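Chain order of the listed sequences is A and B. Numbers given in this note's numbering equal positions in the first sequence, counted from 1, plus 643. Numbers given in this note's numbering equal positions in the second sequence, counted from 1, plus 3.
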Amino acid sequence: MGSTEAEGLPPLPAPGTALVEELDKKQLIILRDGRKLIGILRSFDQFANLVLEDAFERIIVGEMYGDIPLGLYVIRGENVVLLGQVDPTREVPANLTKVTASEIKQAQKAEKTEVMLKGTMLKRMDFLDDVG
Amino acid sequence: MLFYSYFKTLVGQQVTVELKNDLAITGSLHSVDQYLNIKLENTRVVDEGKYPHMMSVKNCFIRGSVVRYVQLPAGGVEVDILHDATRREARGT
């Protein structure tokens, strides 16, 4: 792959070494399904498969947030959207209040049902489109 | 390899990366690799109110596979050079 490199360019860095600087630091990972994981990055590879230590999922609902402890996590690279270094001095989202894991799970569930309900209501009104 | 080389010439410039999940992040391009994974510095999320968890993130790594667009600074593209390079690459020289 690197042998056909145009003249004058420096040699390619080894595949996927961009994360070396992020090792052993607290990272926020956004997954393809929208989940947000926070943990210390311990290892990675060229696919962005990741190993997170002391990981937890952070759920934000409205003005509340809650953390669900997960422990040691290996994340398959294809699910990773973004990895960002967390500034330790402002890790806690401003103007959000912390609640317990069970409370945030409950809030998330409530939000989900509300969204679903809205969806079915809209569906029931679909016939109006046909009339017009 | 062409766009990898091209993105490398943009390092240091302000770009906006729009992801497939509609999140758009502005920042200065720190580095890019052959998968077009992108690292941004001094990032700012375009719609901050919608993504409160991104407030604490100042530098980030974006997996190339989730990028939809990269918005470049005006004048960021030297179209003639890119044209030329494209044709050279197509000829395989």
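C-beta: ideal position from N, C-alpha, C; glycine also. Computed from a prediction, not measured in an experiment: that's the story for all the values here.
Spatial neighbours of residue i in its chain, beta-carbon cut-off 6 Å, leaving aside the 5 residues before and after
{"i": "Tyr7 of chain B", "result": "Gln37"}
{"i": "Gln74 of chain B", "result": "Thr19"}
{"i": "Leu85 of chain B", "result": "none"}
Beta-bridge pairing of residue i - partner residues as DSSP gives them
{"i": "Lys23 of chain B", "result": "According to DSSP, Lys23 of chain B bridges with nothing at all."}
{"i": "Asp710 of chain A", "result": "A:Arg701"}
{"i": "Ala687 of chain A", "result": "Residue 687 of chain A is actually Phe in this sequence, not Ala. Paired residues: A:Leu693."}
{"i": "Tyr54 of chain B", "result": "None, per the DSSP bridge assignment."}
{"i": "Glu665 of chain A", "result": "Beta-bridge pairing links Glu665 of chain A to no other residue."}
{"i": "Gly727 of chain A", "result": "A:Leu671, B:Cys63"}
{"i": "Ile41 of chain B", "result": "B:Val35, B:Ile65"}
Contacts around residue i, its chain only, beta-carbon distance under 8 Å, and the 5 residues preceding and following it disregarded
{"i": "Arg685 of chain A", "result": "Leu666, Asp667, Val694, Leu695, Glu696"}
Simplified DSSP assignment, three categories, for residue i
{"i": "Tyr716 of chain A", "result": "strand"}
{"i": "Leu5 of chain B", "result": "helix"}
{"i": "Asn62 of chain B", "result": "strand"}
{"i": "Glu81 of chain B", "result": "coil"}
{"i": "Arg675 of chain A", "result": "coil"}
{"i": "Val758 of chain A", "result": "helix"}
Cutoff 7 Å; reference residue i; Cβ partners in own chain excluding five residues on either side
{"i": "Gln751 of chain A", "result": "Ile702, Val704"}
{"i": "Pro712 of chain A", "result": "Phe699"}
{"i": "Ile673 of chain A", "result": "Lys679, Val724, Leu725"}
{"i": "Asp676 of chain A", "result": "none"}
Contact under 8 Å by Cβ, residue i with residue j
{"i": "Leu43 of chain B", "j": "Phe10 of chain B", "result": "no"}
{"i": "Leu671 of chain A", "j": "Tyr708 of chain A", "result": "no"}
{"i": "Arg66 of chain B", "j": "Glu21 of chain B", "result": "no"}
{"i": "Val60 of chain B", "j": "Gln728 of chain A", "result": "yes"}
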